[in-house]
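Residue numbers (the working numbering), protein chains in the order written: chain Z, 1 to 290; chain S, 291 to 566; chain A, 567 to 899.
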Amino acid sequence: MATLHTRASARAMLSPAVLLLLAWMLIPLGMTIYFSLLRYNLLMPGLESFVGIENYQYFLTDPAFFDAIWNTLRLVGGILLITIVGGTLLALLLDQPIWGQGIVRLLVIAPFFVMPTVSALVWKNMLMHPVNGLFAWIADIFGMQPIDWFAEAPMLSVILIVSWGWLPFATLITLTALQSLDSEQREAAEMDGAGPLSIFFYIILPHISRALTVVVLIETIFLLSVFAEILVTTNGGPGTATTNLTFLVYAQALLQFDVGLASAGGVVAIVLANIVAIFLLRLIGKNLEA
Amino acid sequence: MARELSPRRRATLTTAAWTIGFLIFFPVLWTFLTSFKTEGEAIAIPPSFLFFDWTLENYSEVQERSNYLRHAMNSVIIAFGSTFLGLLVAIPAAWSMAFSPTKSTRGILMWMLSTKMLPPVGALVPIYLICRDLGLLDTRSALVVILMLMNLPIIVWMLFTYFREIPGDILEAARMDGASLRKEITYVLVPMAVPGIASTLLLNVILAWNEAFWTLNLTADDAAPLSAFIASYSSPEGLFWAKLSAASTLAIAPILVLGWFSQKQLVRGLTFGAVK
Amino acid sequence: MGAIQLEQVLKTFDATTVIQGVDLEIEDGAFVVFVGPSGCGKSTLLRLIAGLEDVSGGRIVIDGQDATNVPPAKRELAMVFQSYALYPHMSVYRNIAFPLKMGGVDQETQRQKVEAAAKTLNLTDYLDRRPGQLSGGQRQRVAIGRAIVREPKAFLFDEPLSNLDAALRSAMRLELSELHQKLETTMIYVTHDQVEAMTMADKIVVLNGGRIEQVGSPLDLYRRPDNLFVAGFIGSPKMNIVDGAHAEKLGAPTIGVRPEHIALSTEAGDWSGVVGVAEHLGSDTFLHIETDGIGKLTVRAPGDVLVSHGDRVWLTPMADHIHRFDAGGRAVR
């Protein structure tokens, strides 16, 4: 509903954003794909040569790649499990008419605003340190042997740290969805003789399922790229114990300077992320029509 | 939800909620407290929670040793610079999609969102090389532009959802009143959308402030914002907990406060309107 | 000053044609009302004149100049929207002054004009308020104030009274008519309410399905409707339409008689029927009568008529007030 004149200006005003994003998407993507077909190491300039899919063959058969895929899955899966279950339970609790709800809410969402490098360092040193950390002290009080977190359970440690940062996100969004639940629906179910468990599974869960799906998808997008937490805590180790796909590509590019191999890894990461993205886009797209 | 609970049940639930809330908040609180301890007290076992000699020494030492203020200034410039630049590009785009939609508007919106889903690591090599060749490694300008591009889809989307709620009538009235397109946007649309624009600004400043992939990979020291600067404390010789805490407190405090103010918009912004 | 001509104006949205080649002449200073059922294209036609939509064909001439491709800001027309479309972030004063500011009028002149308009519209005490703090009627007045300060060539009103309650609506109707008499500027007014059209217009344009059905003064349309659509649309309660044998007897495939043009008797008449509902308004009584061989007819009787549900009555259409229509629904004259 507009005139030719406004439509023309509308196009003119939309184009900078579109062109910028187009460049931001296509240039790196094109270059990454191109590099992935080259033998190209920054330490050996001038020796670039076209090698076809050799980098992919090498990358995809490298044991480090399988470790990285497995670690990525464990990392994403573990964090999702903790944040979704924990977030739902926490949201259910916060949805109750408790005293000081607003303040508890502020306390709960705080971790989301802590930058990844800070949260990783604080957890690694002040909480999880096997000698001087707070957890060691607590274990000591209960007469237990303190755990050397990053030596004994490096992946679990990273999962815990990242989960702490994402739990607020899951909680906040689930809580928002819960608060839009019509209380009459719940009352009707109570009148029909449903107990708390049936109410949760038949009324509440279906109502928040959409929000939970959104949380899963958005968290997945971000969690596939977890980087800073690994860099400042374990540096991918010990061995490859905490090397995920993002970290592997980083290591190949900026530690071993193998541009070709790193680019092949980048393309693999893009393909994997796209599989998740398709589902997320569908979900959001549906909402756009409503 | 005005449901009546027995006072006892309510007290139990309240206690549970406060306990969990406190535990989740504890690492932040602990960092804050430790920042006022001496290095000795910071690693002492058993730890002291409140009864130690409060000192501000760590804060001054963080500044002296590592020029904290410069990194903080980098953070401010990068976070606000990228967000303002993003708004400048996104406001006209969102206007156009909200008030003059075409058949392709929906497709463009979805495509914009999809660029946000490309893993940054997929672009790491080319962006790194481009920055190297242009001499932009470890510069604030490179980060301003990259973080702007990274958050542009979110900015456009948030603005779009806010603009859509403004009745088109009012913009048409401005047009009838003789306003040019530029005046229509500056005198009518932007003032009416101030709350929406403000929350978009806030959320994107937070996201840019906490960004730690590009900042770690593209800066060394000169342009390092706080998120990258803090990482220097991960080296073993940098392990001074009290100073780490002081630096951390300074890095997260301003953004935590902003975040608390914008928690409602956060839901909307980060889910692209899929959860309201 | 504000004469407007539409020449074969056409508007299509994708595949649907909303305005089907409309020709219309609006004289300077006229109060013209576009009326029709919802979806008839009356608002679209107004928006085309305003320039808020592009025509798909034809020409729009304002004040002797082709304005077809002139943007709305340059047409020198003022519009009052159904939602009022006030700027919520500006005070009443700044709302009214906005078109002047856009036109580059200096501060002092702005002040004089806004104050003059506020005085006319009884808004002087509210100039510092925001639109959100005003009642519906006051907002309406602000919207009108914003329109009058710039002394446009014509005013365009898009169902401006439909958000007001009944009492306020009739008061505003009167105010708008007075305003028109005072300003003597062309006004084009869109409504779906035929009472508004009848009471305010110099000239009514009845639209249906994107076409003009008839143009004329209110009484013209009431007395001499060109077709069944206009006959049914203008007048309240609606004209009774009769076809079949009873119509043939009166000389046309279809005839129409207004409720006020049927004589009522308890003894004898042309048609006979049983009273269903009797609506007593005090001044008048509307009787809904189930008539033998015809169906439901509405009859307007004096307020003190004493018939009630279930009574048998006789009806006689007044011979010189019978409207005759051919099989295609056109008036036979």
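C-beta: ideal position from N, C-alpha, C; glycine also.
Quantities reported herein were computed from a predicted structural model and do not represent experimental measurements.
Sort the options by Cα distance to residue i and report the nearest one.
i	options	result
Z/Phe-227	Z/Arg-105, Z/Ile-161 and Z/His-207	Z/Ile-161
A/Val-658	A/Ala-644, A/Gln-706, A/Asp-672 and A/Ile-628	A/Gln-706
S/Ala-543	S/Asn-500, S/Gln-555 and S/Lys-554	S/Asn-500
Z/Pro-152	Z/Trp-24, Z/Thr-220, Z/Gly-239 and Z/Leu-172	According to the sequence shown, residue 152 of chain Z is Glu rather than Pro. The option with the nearest alpha carbon to Z/Glu-152 is Z/Gly-239.
A/Asn-535	A/Ala-720, A/Val-796, A/Ala-829 and A/Leu-740	Limits of chain A in this structure are 567 at one end and 899 at the other, which puts residue 535 of chain A out of reach.
S/Arg-472	S/Thr-309, S/Pro-382, S/Thr-490 and S/Leu-449	S/Pro-382
A/Ser-649	A/Lys-862, A/Gly-776 and A/Pro-726	A/Pro-726
Z/Gly-102	S/Lys-554, S/Thr-373, S/Leu-375 and S/Arg-355	S/Lys-554
A/Ala-893	A/Gly-842, A/Gly-817, A/Ile-662 and A/Asp-629	A/Gly-817
A/Leu-881	A/Leu-693, A/Leu-863 and A/Val-898	A/Leu-863
Z/Gly-236	Z/Phe-50, Z/Arg-282 and Z/Leu-255	Z/Leu-255
S/Ala-541	Z/Asp-192, Z/Phe-135, Z/Phe-113 and Z/Leu-272	Z/Phe-113
Z/Met-44	Z/Phe-279, Z/Gly-260, Z/Pro-63 and Z/Tyr-58	Z/Gly-260
Apply the 10 Å Cβ neighbour rule to residue i and answer buried if 16 or more other Cβ atoms are within range, or exposed otherwise.
i	result
Z/Leu-20	buried
S/Thr-305	exposed
A/Phe-597	buried
A/Thr-832	exposed
S/Leu-433	buried
A/His-746	buried
Z/Val-249	buried
S/Asn-357	exposed
S/Ala-380	buried
A/Phe-891	buried
A/Leu-740	exposed
S/Thr-321	buried
Z/Pro-116	buried
Just the Cα atoms here: how many angstroms apart are residue i and residue j?
i	j	result
S/Val-366	S/Ala-518	13 Å
S/Leu-414	S/Ala-521	19 Å
A/Ser-849	A/Gly-835	24 Å
A/Leu-785	A/Ala-763	11 Å
Z/Ala-10	A/Glu-779	37 Å
S/Thr-328	S/Trp-531	9 Å
A/Val-871	A/Arg-878	14 Å
Z/Asp-258	S/Ile-417	15 Å
A/Val-680	A/Leu-652	15 Å
S/Ser-338	Z/Leu-106	25 Å
Z/Trp-70	Z/Tyr-56	18 Å
A/Ile-754	A/Leu-700	26 Å
S/Gly-371	A/Ala-684	45 Å
Z/Val-141	S/Pro-336	Per the sequence shown, residue 141 of chain Z should be read as Ile rather than Val. For Z/Ile-141 and S/Pro-336, the distance between alpha carbons rounds to 10 Å.
Z/Met-1	S/Gly-397	Annotation note: pLDDT 44 at Z/Met-1 (below 50); position unreliable, no value reported.
A/Gly-859	A/Glu-573	46 Å
A/Met-884	A/Leu-830	10 Å
S/Phe-503	A/Gly-623	56 Å
A/Thr-686	A/Leu-612	26 Å
A/His-887	A/Asn-793	15 Å
Would residue i and residue j qualify as a contact pair, given that the criterion is a beta-carbon distance under 8 Å?
i	j	result
Z/Val-158	S/Ser-538	no
A/Leu-722	A/Ala-639	no
A/Gln-676	A/Leu-666	yes
A/Gly-822	A/Ile-800	no
A/Val-646	A/Leu-614	no
A/Glu-856	A/Gly-839	yes
Z/Thr-242	Z/Thr-234	yes
Z/Ala-177	Z/Ile-147	no
Z/Asn-244	Z/Ile-221	no
S/Gly-458	S/Phe-389	yes
Z/Thr-61	Z/Thr-174	no
S/Arg-430	S/Asn-364	yes
Can you find a heavy atom of the ligand SAM that lies under 7 Å from the Cβ of residue i?
i	result
A/Leu-881	As presented, the structure is devoid of all ligands, the ligand SAM included, so that no description of it is given.
Can you check whether the C-beta of residue i is within less than 8 Å of a C-beta belonging to chain B?
i	result
Z/Trp-99	In the displayed structure, chain B is absent; the protein chains listed are Z, S and A.
Inset, instruction - Could you list the residues in the segment 652-671 of chain A with a C-beta less than 7 Å from some C-beta on chain S, going in chain order? - result: Tyr-653, Pro-654, His-655, Phe-664, Pro-665, Met-668 and Gly-669
Inset, instruction - May I ask you to list, following chain order, the residues of the segment 446-476 of chain S that have a beta carbon less than 7 Å from some beta carbon of chain A? - result: Pro-457, Asp-459, Ile-460, Glu-462, Ala-463, Arg-465, Met-466, Asp-467, Gly-468, Ala-469, Ser-470 and Lys-473
Inset, instruction - With 7 Å as the limit, tell me which residues of the segment 777-794 of chain A have their beta carbon closer than that to any beta carbon of chain Z; keep them in chain order. - result: none
Inset, instruction - Check distances from the C-beta atoms of the segment 633-648 of chain A to those of chain Z and list, in chain order, the residues that come in under 9 Å. - result: Asn-635, Pro-637 and Pro-638
Inset, instruction - Taking only beta carbons into account, state which residues of the segment 526-551 of chain S come closer than 7 Å to chain Z, listed in chain order. - result: Leu-529, Trp-531, Leu-534, Ser-538, Ala-541, Ile-542, Ile-545, Leu-546, Gly-549 and Trp-550
Legend entry - Chain-ordered residues of the segment 478-497 of chain S with a beta carbon less than 9 Å from chain Z: Ile-496
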